[in-house]
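Chemist: Take this structure, written in structure tokens, and hold onto it; I'll ask about it next.
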Amino acid sequence: MKLRVKSAENSNHIDLTPMLDVVFIMFIFFIVTASFVKEKALTMAGQAEVEGPQSEHAALLFSVDSTNQITMEGRQVDVRSLRSIIAQRRAINPGATSVILRAHEVASVDSYMAVLDAARQENIDQIALSTYYE
């Protein structure tokens, strides 16, 4: 009776077939059992809706440029008439309860504080400030 001695060549060999079989079976299992969820699309407002009439809650938009000139809707506004302009706009549109102020990065703090003070005097507490660069 002859005993076989394992050679060094056979002892280093690992059979990967069973592992690949298990991986493919798990892969097939997860594909079959995965629930395919139908994604719902978000409805976006069309261009016609965006350009339509302004809502009754439209914000008052002011800009302060680099020379500290205050403008509203493209028209230059005097600092002394800010409060009356805001009051007129609120009389036309009572839903306008917020102010958006665009200030240039080099604009004086006094210029945009004048707009904020006038808005607060007219009981507008929702004020957004953004800066822009040229």
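Those letters in the sequence shown? Residues 1383 to 1516, per the working numbering, in order.
Ideal Cβ positions, reconstructed from N, Cα and C, are used throughout, including at glycine.
This structure is a prediction, so every number in the text was calculated from the model and none was measured.
Could you work out which residue in A1489, D1507 and R1462 is closest to N1450 when comparing CA atoms only?
Modeler: When each option's Cα is compared against that of N1450, the closest is A1489.
Chemist: Could you tell me if Q1429 is buried or exposed, where buried requires 16 or more neighbouring beta carbons within 10 angstroms of its beta carbon?
Modeler: Caution is warranted here: a pLDDT of 46 is assigned to Q1429, below 50, making its placement in the model unreliable, and the coordinate value is therefore given only provisionally. The residue in question, Q1429, is exposed, as its Cβ has fewer than 16 Cβ neighbours within 10 Å.
Chemist: Three-state secondary structure (DSSP) at Y1514?
Modeler: Y1514 falls in the strand class under three-state DSSP.
Chemist: For A1441 and S1448, I'd like the C-alpha separation in whole angstroms.
Modeler: Cα to Cα, the separation comes out at about 23 Å.
Chemist: If you follow the beta strand (DSSP E) that R1502 is part of, which residue opens it and which one closes it?
Modeler: Element bounds for R1502: not the beta strand (DSSP E) but the alpha helix (DSSP H), V1491 to Q1503.
Chemist: Helix, strand or coil for V1446 per DSSP?
Modeler: The answer is strand: DSSP assigns V1446 an E or B state.
Chemist: Do you know how far the Cα of D1403 is from the Cα of I1413?
Modeler: Computed Cα separation, rounded: 15 Å.
Chemist: When DSSP labels each residue in this structure, what does Q1458 get in the three-state scheme?
Modeler: Q1458: strand per DSSP, three-state reduction.
Chemist: Which of helix, strand or coil does DSSP assign to Q1470?
Modeler: Correct three-state label for Q1470: helix.
Chemist: With a Cβ-Cβ cutoff of 9 Å, do I1468 and A1500 count as a contact?
Modeler: Yes, they are a contact pair.
Chemist: Is S1480 helix, strand or coil by DSSP?
Modeler: Reduced to three states, the DSSP call for S1480 is strand.
Chemist: Comparing C-alpha positions only, which one of M1495, M1401 and Q1508 sits nearest to T1479?
Modeler: T1479 has its Cα closest to that of Q1508, out of M1495, M1401 and Q1508.
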